[in-house]
Amino acid sequence: MRIILIAVLSSLSLVGFAQEPFEKDGKWGLSKYGDANDSIIFRASYDEVKVEVTADGYFAYGLKDKTWYPMTKSKLLNQQGYEEIYAPLFNSDVMVAQRDGYIDIISIEESDFLLRNVQATSVIDPVEFGITSEYLMTKNEKSFGLVSLKLKKEIIKAKYSSIWADQGVSEGGWLFAATEGKTEVYDYEGNKKFDLESEELIVSMQANEESLSLFLIMSDEGSYGMYNSKAKWLVDPLYIDAIPFEGSDEVVIVTGKKGDGLYFNGKLLLEPAYITIDKSSERGYLAVAVGKKGEFLLDPEGGLTPVKEE
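Under the working numbering, think of the first position of the sequence shown as 1438, with each following residue one higher.
1) Around the Cβ of Thr1713, are there at least 16 other Cβ atoms within 10 angstroms (buried) or fewer (exposed)?
2) Do you know whose CA, among Gly1567, Ala1595, Lys1587 and Glu1565, lies nearest Glu1578's CA?
3) Quick one: what does DSSP say Val1564 is sitting in, helix, strand or coil?
4) Ala1679 and Leu1638 look like a contact to me (Cβ under 8 Å); what is the Cβ gap, rounded to whole Å?
5) By the DSSP assignment, the beta strand (DSSP E) with Lys1587 in it spans what residues?
6) On the three-state DSSP scale, how would you describe Asn1665?
7) Considering only their Cβ atoms, is the gap separating Val1640 from Phe1613 smaller than 8 Å?
8) Of the choices Gly1466, Pro1681 and Ser1511, whose alpha-carbon is the least far from that of Lys1716?
9) Starting from Glu1526, trace the beta strand (DSSP E) both ways and give me its first and last residue.
10) Excluding the 5 residues preceding and the 5 following Lys1667 in the sequence, name in chain order all residues of the same chain whose CB lies nearer than 6 Å to its CB.
11) Can you check DSSP and say which residues form a bridge with Trp1465?
12) Compute the Euclidean distance between the alpha carbons of Ser1544 and Gly1739, then round it to the nearest angstrom.
13) Run the proximity test for Ser1570: is its beta-carbon closer than 7 Å to any non-hydrogen atom belonging to the ligand FAD?
14) By the 10 Å Cβ neighbour count, where 16 or more other Cβ atoms means buried, how is Ser1468 classified, buried or exposed?
15) Which residues bound the beta strand (DSSP E) around Lys1729?
16) Determine the direct distance from the alpha carbon of Arg1553 to that of Asp1484, and round the result to whole angstroms.
17) By the three-class DSSP mapping on this structure, what secondary structure does Leu1514 have?
18) Count the other C-beta atoms from every protein chain shown that fall within 10 angstroms of the C-beta of Ser1482, then say buried if there are 16 or more, exposed otherwise.
19) Cβ of Met1663 less than 8 Å from any chain D Cβ?
Right, here's the structure in full:
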C-alpha cells in the first residue's frame, strides 16, 4: 500500500498541501492536514491515494479494487471509476481519466467534467503541431483528433493520420486533418470548410485578395497550388508558384522548372513549359500562351486554338 504526492508547481510560493493523504489500518484517506483524527475529507477506504498539485489547485484520486476514483467535491465525478487518471505534463489545468477506449477531461479548478466520452486512449501536446494550448490533441491507437478546452467540445474526432495548423486562431488560421490521400480543412471551432483530394501534404491555405473563392495552398515541400471553394476544383500544390489569371476564378497560371503552364477549372490544359502566358489582345479570347511548342489562344469556355504562323 502506498501514497503518492505529485506536485507541478508554477512558483515557490505554493509550499503546502490543502489536501493530504493519511493512513489508517492499512487503508488510505484524505484530510486537510494529513491527520487521521481531524479535518477528514475522505475516510480511509482506498488502497492508494494520489494528489496532483498544480497552479490551478489540487486534485486527489484513489484506488479501490484496481479502479481509480476521483476524490473531489463533485458526487457525480467521484462515482466514476477509471483504468487510469493522470495530469498531462504539458497542461496544468486538466486531468485526463481513461477507461474502455474513452477519456473524460476534468477541470482541476472546477473539479468537474469539461468533456466526457471522447473516443481516445491518450492526449498529446498540441503546441508541437502549431496549435495553441487552448486545445488538447487526442490519440486513439494510430489516429489523432482535437478537443477545444474553451468550447468544451471535441472539434475533430480521432480518425486522422495527422493534424496540424498553419496559423493561430487569432490570425484566422486553419486546422488541417489528413487521412488516406485527403486533407480536410477546419476552422478553430471544428466546422469543416473544405475537402482537398490530394496526395500532397498541404500545410498552408491563404485566401486570395481578389476572389472569395480562390485559395493559395502550399505543400510541406514548399510547392504551391490553388483551390476553388465554390467550384470545388483543385490544382495540386506541385509548382514553384500558382496565381489566378487576371482575376479569373477559372484560370490559374502555374510556374514549373521549365516555364509556365495553364489550368482551366482545375484541368491542366498546357504543361508548364511555356515562355509567357499573357492576356490576349484577340477578340473573344482570354489568354495567349507562347512557347517552343507553338502559340495558343484560350477562349472563355476553356478551349485552346493554335495560332497559325503567317
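Even glycine gets a Cβ: it sits at the ideal position worked out from N, Cα and C.
Let me lay it out:
1) Within a 10 Å sphere around the beta-carbon of Thr1713 sit fewer than 16 other beta-carbons, which makes this residue exposed.
2) Closest in C-alpha terms to Glu1578, from the list Gly1567, Ala1595, Lys1587 and Glu1565, comes Ala1595.
3) Val1564: helix per DSSP, three-state reduction.
4) Ala1679 to Leu1638, Cβ: 17 Å. No contact.
5) In the DSSP assignment, Lys1587 falls outside any beta strand (DSSP E), carrying neither H nor E.
6) In the structure shown, Asn1665 adopts extended strand secondary structure according to DSSP, grouped into three states.
7) Their beta carbons are under 8 Å apart, which means Phe1613 touches Val1640 by this criterion.
8) The shortest Cα separation from Lys1716 among Gly1466, Pro1681 and Ser1511 belongs to Pro1681.
9) A small correction: the amino acid at residue 1526 is Leu; Glu does not occupy that position in the sequence shown. Taken as a continuous stretch (DSSP letters only), Leu1526 belongs to no beta strand (DSSP E), as it is neither H nor E.
10) Excluding sequence neighbours, Lys1667 sits near Ser1650.
11) DSSP lists Glu1460 and Tyr1483 as partners of Trp1465.
12) Their Cα atoms are separated by approximately 57 Å.
13) With respect to the ligand FAD, the structure offers nothing, as it holds no ligand at all.
14) So Ser1468 counts as buried.
15) No beta strand (DSSP E) contains Lys1729, which DSSP labels as neither H nor E.
16) Near 26 Å, if we compare the C-alpha coordinates of Arg1553 and Asp1484.
17) Note: Leu1514 maps to helix in three-state DSSP.
18) Exposed, because fewer than 16 other Cβ atoms sit within 10 Å of the Cβ of Ser1482.
19) Note that chain D does not occur in the displayed structure, where there is just one protein chain.
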